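At the far end of the sequence shown sits residue 614, using the working numbering, and the numbering has no gaps.
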Amino acid sequence: MNKSLFLVALLFATVTTQGQTIDKLNLQYSYFAPKEIIKVKEGHYFIDFGKAYFGTVQITSKVPQNDSLIVHLGEKLESFHKIDRNPGATIRYRKSILSDIKANVPISVALKPYKRNTTGAAIKLPDSVGAIIPFRYCEVENLKIPIENIQFKQKALHYKFHDDASYFSSSNHIMDSVWAMCKHTIKATTFTGYYVDGDRERIPYEADAYINQLSHYSVDSVYTIARRTNAYFIENPTWPTEWLLHTVLMFYTDYMYTGDLEPLAKHYDNLKLKTLMELERNDGLISSKSPKLTKEFIKKLGFKKPNTKIKDIIDWPPAQKDTGWKLATAEGERDGYEIVPVNTAVNAFYYYNLVLMGRIAKALNKSEDVLFYQKKAKQVKHAINTKFFDTERGVYIDGEGSNHASLHGNMLPLAFDLVSEEHITSVTKFIKSRGMACSVYGAQYLLEGLYKYGEERYASQLISDTIGDRNWWNMIKVGSTMAMEAWDVKYKPNADWNHAWGTAPLNAITRYMWGIKPKTPGFKVAEIHPKMGDLLHSKIKTPTKQGVIYADFEKISANETIFKITIPDGMTAEFILPKTFKKAYVNKKKVKRKNETLLLQSGESLIKILY
4 MNKSLFLVAL LFATVTTQGQ TIDKLNLQYS YFAPKEIIKV KEGHYFIDFG KAYFGTVQIT
64 SKVPQNDSLI VHLGEKLESF HKIDRNPGAT IRYRKSILSD IKANVPISVA LKPYKRNTTG
124 AAIKLPDSVG AIIPFRYCEV ENLKIPIENI QFKQKALHYK FHDDASYFSS SNHIMDSVWA
184 MCKHTIKATT FTGYYVDGDR ERIPYEADAY INQLSHYSVD SVYTIARRTN AYFIENPTWP
244 TEWLLHTVLM FYTDYMYTGD LEPLAKHYDN LKLKTLMELE RNDGLISSKS PKLTKEFIKK
304 LGFKKPNTKI KDIIDWPPAQ KDTGWKLATA EGERDGYEIV PVNTAVNAFY YYNLVLMGRI
364 AKALNKSEDV LFYQKKAKQV KHAINTKFFD TERGVYIDGE GSNHASLHGN MLPLAFDLVS
424 EEHITSVTKF IKSRGMACSV YGAQYLLEGL YKYGEERYAS QLISDTIGDR NWWNMIKVGS
484 TMAMEAWDVK YKPNADWNHA WGTAPLNAIT RYMWGIKPKT PGFKVAEIHP KMGDLLHSKI
544 KTPTKQGVIY ADFEKISANE TIFKITIPDG MTAEFILPKT FKKAYVNKKK VKRKNETLLL
604 QSGESLIKIL Y
């Protein structure tokens with residue numbers, strides 16, 4: 004293409020403006036100017052807005068055009084400066100035709116809606132919004148007036164979001180890019196005012212929402228969208244067994260970040276139901292095949308249809324033989340997991356529900372329930388480790404009657420603290436031998452377990468992996484600016500490019516690599532337990548209800564690291580030292596060797612650690 008056909012220049016400043024708040028959901032518009040406008044040929048221009056958002060394009064012209072204008076919007080490129088008109092999967096593209104352009108009148112390009120995500124159980128947008136799609140690119144054809152007379156803006160719909168509330172940087176630029184992509188995903192996917200699964204369905208699902216919540220709370224201290232979504236699930240549960248078992252996790256996480264007991268008190272009885280304890284057999288284990296899973300119980304769980312089939316999901320998609328899809332790998336995303344009636348994955352989630360319900364009962368001063376849940380959790384842990392652990396191989400099998408060992412059957416017990424200390428080495432060794440044999444959803448628990456049990460270098464390598472396509476870098480490489488539903492379309496043929504359940508690296512970096520979590524409800528006391536792996540330096544800004552935590556890390560040498568931690572007023576923090584430290588100093592004052600936890604007051608603390 005001749006260079007004269009290019010207009011490689013910014014015609015407008017790349018600033019963002021915000022419009023009115025829409026409806027009571029606190030949705031709002033942001034308007035983004037193009038990053039690049041290129042002349043393809045006469046009357047045909049390609050526009051790149053830099054990132055995908057949910058919305059449409061707003062066009063304002065100084066002069067009229069009394070002829071039609073063809074507008075293309077899409078997420079994916081087919082070739083150099085050409086939007087893919089047939090992108091496949093659930094990657095979005097729309098063509099619209101404007102009959103004319105009036106002078107000095109902002110025009111929001113009308114789009115044809117997709118039936119699946121605007122009907123049925125989909126979260127509906129306010130009527131004033133109209134149809135929107137996720138898009139990064141725009142093409143206009145049949146432009147008869149000079150482009151200098153027209154202003155193009157990406158009209159992006161999203162929930163209120165504080166862009167400057169958080170940041171992360173490090174010596175690993177791949178990790179930085181992945182974190183940034185995940186943060187953008189969190190902002191951009193708030194367009195309904197709820198945590199939805201992505202653009203294909205726009206329906207809240209518990210597992211999707213939980214990962215979304217963890218990541219959102221890691222980058223902004225706006226908790227209302229999560230709380231609205233949590234309340235939604237009380238009356239609108241979804242069919243997978245483990246998705247139901249995420250409900251308690253979501254409510255407990257909100258309590259720890261906000262300190263607000265009201266949702267726990269209000270929904271306590273429903274949370275008890277969502278543990279699925281009523282399906283227990285004598286040894287404490289549960290099964291979705293239990294005869295106790297009656298129509299009456301299904302209605303009590305909140306399902307409108309008492310004949311709803313509740314089934315174990317493990318991971319998604321399942322094996323090729325179960326889907327009807329042609330998948331890149333025959334085993335799908337389950338690593339060959341054998342779904343027997345009483346299995347490890349479901350009961351690992353059940354055990355964690357019992358642990359959290361004990362903590363919730365304690366917060367609500369229900370002393371009898373505290374003892375009850377603690378006793379139940381102890382029973383279930385014993386049953387899992389007695390019946391599902393193969394002592395000869397040193398790994399968990401998939402469940403009762405199975406001899407198969409999978410990544411999922413081992414990473415979930417590790418993440419939920421079920422593994423006995425003497426078996427952590429063999430379990431983590433097996434987990435590492437499986438690689439990324441799970442979906443972007445399963446990766447949440449894979450990373451958690453690895454960071455918690457001394458495998459931070461391997462966990463960080465997974466986050467920043469660039470080899471092959473089962474990694475977050477592949478999402479960036481193929482052109483998405485949001486986390487994708489699957490590692491690649493070949494692993495899920497109907498996958499979309501805007502799924503917040505793919506943001507595990509963001510919350511894992513914040514909550515486990517940097518180790519910044521609430522120690523007590525409402526972040527009155529923070530926990531900071533850094534596990535920096537091979538990083539040479541890193542900075543992070545993490546919002547909390549009490550204010551912002553700033554942290555700075557630098558590896559001076561193989562034997563010395565420096566941390567600078569700034570704690571907001573009204574908060575203290577417990578900084579956990581590495582087990583291998585020899586000497587430590589806080590603000591130049593030597594720490595006693597027996598102290599593995601430092602209590603940091605509000606303000607700045609300088610920590611020097613010698614190995």
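Built from N, CA and C at the ideal position, the CB exists for glycine as well. Here the structure is a predicted model, which means the values were calculated and not measured.
Across the set 215, 594, 603, the C-alpha of 594 shows the shortest separation from the C-alpha of residue 612. Looking at 317, 322, 296, 216, the one whose alpha-carbon comes closest to that of residue 310 is 296. In the same chain as residue 88, and ignoring 5 residues on each side of it, the C-beta atoms closer than 8 Å to its own belong to 75, 77, 81, 96, 98, in chain order. Taking 4 residues as the shortest admissible run, the stretch 312–350 contains the following complete alpha helix (DSSP H) segments, listed from N- to C-terminal end: 323–326. Distance from the Cα of residue 398 is smallest, within the candidate group 419, 423, 262, for 423. If you look at residue 62, you'll find it isn't in any alpha helix (DSSP H); it sits in the beta strand (DSSP E) that goes 47–64. Cβ neighbours of residue 456 within its own chain (closer than 7 Å, five residues either side excluded): 417, 427, 431.
Straight through space, the alpha carbons of residue 363 and residue 261 are spaced by roughly 14 Å.
Here residue 383 is buried: its Cβ has 16 or more other Cβ atoms, across all protein chains shown, within 10 Å. For residue 452, the enclosing alpha helix (DSSP H) starts and ends at 445–455.
Classified as exposed, residue 106 has fewer than 16 neighbouring CB atoms from the shown chains inside 10 Å of its CB.
Under the three-state reduction of DSSP output, residue 237 falls in the helix class.
Just so you know, the alpha carbons of residue 246 and residue 210 end up roughly 5 Å apart. For residue 391, no beta strand (DSSP E) encloses it, and the DSSP letter there is neither H nor E.
Bridge partners of residue 578 according to DSSP: 531, 601. Sequence-distant partners of residue 445 (beyond 5 residues in either direction) whose C-beta falls short of 8 Å from its own C-beta, in its chain, are 318, 336, 410, 411, 414. A contact is defined here as three or more CB-CB pairs under 8 Å, and the stretch 192–202 meets this definition with respect to the stretch 212–228.
Around the CB of residue 205, 16 or more other CB atoms lie within 10 Å, so the residue is classed as buried. Note on geometry: alpha-carbon atoms of residue 562 and residue 554 lie some 20 Å from one another.
Boundaries of the beta strand (DSSP E) harbouring residue 565: 563–570, taken from the DSSP string.
Straight-line measurement puts the Cα of residue 505 at about 30 Å from the Cα of residue 576. Residue 401 and residue 551 have their C-alpha atoms roughly 42 Å apart. Here residue 57 really is in contact with residue 135; their C-beta atoms are around 5 Å apart, less than 8 Å.
Its chain contains 373 as the residues whose beta carbon lies nearer than 8 Å to that of residue 365, once the 5 sequence neighbours on both sides are disregarded; these appear in chain order.
Shown here, residue 558 sits in a strand according to DSSP, grouped into three states. Annotated as proximal: residue 357 and residue 380, with beta-carbon spacing under 7 Å.
Contact between the stretch 214–222 and the stretch 499–518 is established, with three or more Cβ pairs separated by less than 8 Å. With respect to residue 521, residue 168 sits apart: the two C-beta atoms are not nearer than 7 Å. The DSSP-derived three-state label of residue 370 is helix. Here residue 315 really is in contact with residue 291; their C-beta atoms are around 6 Å apart, less than 8 Å. DSSP links residue 82 through a beta bridge to 85. Membership of residue 540 in the beta strand (DSSP E) is indicated by the continuous run 540–547.
Contact check between the stretch 297–308 and the stretch 264–284: three or more CB pairs, one atom from each, fall below 8 Å, which counts as touching.
In the DSSP annotation of this structure, residue 197 is not part of any beta strand (DSSP E), being labelled neither H nor E. Bounds of any beta strand (DSSP E) do not take in residue 423, whose DSSP letter is neither H nor E.
Per DSSP, reduced to three states, the secondary structure at residue 97 is strand.
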